[in-house]
Every structure is written in C-alpha cells, then in structure tokens.
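Novice: Structure in structure tokens, see below.
Numbering (full-length UniProt numbering), first residue to last: 1 to 169.
So, in structure tokens, the structure goes:
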C-alpha cells in the first residue's frame, strides 16, 4: 500500500536484516496510489525477487556440502540437538524492539507489507502473543478507497489490497 502510493519503504532496506544489504536490489514503488499502481508494484517486486534469488545462487560456493539439519533425524533424542552446531541461525536476525522489560515487538517484511509480532510476558510465561498481519493494516484504509467509487471498481480495489479474512481474529 505504501509503495504504491509513492513512499519508498521496505523493512529489508530500513532495518537491514538477514543478508539483503549484500544484494543489489531496489525498492519497487509507484506514485499513483490506485489499483493499477498496487498491481504494478506487486509484479515488479516479483521480478526484483528473481534478481535477488539469482544473486544468491551465484554466491553459493561450489564443492561438497553437508546438511547439518539431517543429523537430527539420524540420531536418537539427545540434548546435543540444541547445540550451536545444529541450530539454524540467520546471518543478521530480524530487528527486535524492547518496549519494556517484559514486552517485545518484532517486525519483518512480508509480501503484503509489515508483519509484526508482539509478545508480553512475565519472567517465564507469555501472557499475550499478538500477530499483526499486513492485511489488517491494509484493510484500515478501505473506507477511504471506496468513497465515490462504482460498485464494479470495489472488487478491483479489494483484489489489489489482497485481503485474506483468515488473517483477522
């Protein structure tokens, strides 16, 4: 929604998590803010994703490799599974915001926008776990988007927002 309205905002560039800053890619955006702009942003993001994947494939070193995850299935249950060698640890973790001593908010870039996860806990128990899907954020602007629109245009607008009702609770 933001990128189709002229705002160049992408958490992969803003927060610089994982290894996205090692690849040559651009934020795809349009300035019109209509359904066509949202469609064009989505299509150009797909081509930009292919560009990122091609660069990642070129960066994979040749030669033999070993899948450390497969060792988990070859062995009996063992506390060694939680050893550092067997964990999947990303190069740069997603940004985490400490809101207070017992609150935590993590956000990542999802295909439809910002996916946020909020956690409120005591010392050892999570009391509240809230997932903030991008569709919920995108749905908030719907009343303004459909003002003075024809009924036939509303279906196009809903399709360009890509609402999935299963995201909402």
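Heads up, the beta-carbon is just placed ideally off N, CA and C, and yes, glycines get one too.
#1: With residue 41 as the anchor, note down where its alpha helix (DSSP H) starts and where it stops.
#2: Pick helix, strand or coil for residue 116, following the three-state DSSP scheme.
#3: Determine the closest residue to residue 108 out of 7, 15 and 30, with distance taken between C-alpha atoms.
#4: Leaving out five residues before and five after residue 145 in sequence, what residues of the same chain have Cβ atoms less than 6 Å from its Cβ?
#5: Could you give the C-beta distance for residue 30 and residue 48, rounded to a whole number, given that I count them as a contact under 8 Å?
#6: For residue 17, tell me which candidate among 61, 7 and 106 has the shortest Cα-Cα distance.
#7: Can you check which of these residues, 2, 104, 135 and 168, is closest to residue 120 by C-alpha distance?
#8: Between the beta-carbon of residue 137 and the beta-carbon of residue 167, is there less than 8 Å?
#9: Measuring only the C-alpha atoms, how far is residue 37 from residue 5?
#10: Among the residues of its own chain, which have a CB less than 6 Å from the CB of residue 12, if the five just before and after it don't count?
#11: Beta-carbon within less than 7 Å of residue 122's beta-carbon, same chain only, minus the 5 sequence neighbours each way: which residues are those?
#12: Hey, how far is the Cα of residue 135 from the Cα of residue 141?
#13: Name the DSSP bridge partner or partners of residue 145?
Specialist: This is what the structure gives:
#1: For the purposes of this step, residue 41 is taken as residue 41 along the chain shown, with counting starting at 1. Here the alpha helix (DSSP H) through residue 41 covers 35–59.
#2: Start at 1 with the first residue of the chain shown, and residue 116 comes out as number 116. Under the three-state reduction of DSSP output, residue 116 falls in the strand class.
#3: Sequence index remark: in the chain shown, residue 108 carries index 108 (1-based). It is 15.
#4: Here residue 145 corresponds to residue number 145 of the chain shown, with the count starting at 1. So the list reads 157, once near-sequence residues are dropped.
#5: Reading the chain shown from its first residue, position 30 is the one you call residue 30. Reading the chain shown from its first residue, position 48 is the one you call residue 48. For a cut-off of 8 Å, the C-beta gap from residue 30 to residue 48 is around 13 Å, too long to register as a contact.
#6: Counting from 1 along the chain shown, the entry for residue 17 is found at position 17. Of the candidates 61, 7 and 106, the one whose C-alpha sits nearest the C-alpha of residue 17 is 106.
#7: The residue labelled residue 120 in the question sits at position 120 within the chain shown. The residue with the shortest Cα to Cα distance from residue 120 is 104.
#8: Here residue 137 corresponds to residue number 137 of the chain shown, with the count starting at 1. Here residue 167 corresponds to residue number 167 of the chain shown, with the count starting at 1. The criterion of a C-beta distance shorter than 8 Å is not satisfied by residue 137 and residue 167.
#9: By 1-based counting over the chain shown, the position of residue 37 is 37. By 1-based counting over the chain shown, the position of residue 5 is 5. Rounded to the nearest angstrom, the two C-alpha atoms are 8 Å apart.
#10: Here residue 12 is taken as the residue at index 12 of the chain shown, counted from 1. Annotation for residue 12: 20 and 109 place their beta carbon closer than 6 Å to its own, counting only its chain and skipping 5 residues before and after.
#11: Position 122 of the chain shown, counting from 1, holds the residue named residue 122. Counting only Cβ-Cβ distances below 7 Å, and skipping sequence neighbours, we find 102.
#12: On the chain shown, residue 135 is found 135 positions in, with the first residue counted as 1. On the chain shown, residue 141 is found 141 positions in, with the first residue counted as 1. Between residue 135 and residue 141, the alpha-carbon positions lie close to 11 Å from each other.
#13: Stepping through the chain shown from its first residue, residue 145 is reached at position 145. Under DSSP, residue 145 takes part in no beta bridge, so it has no partner.
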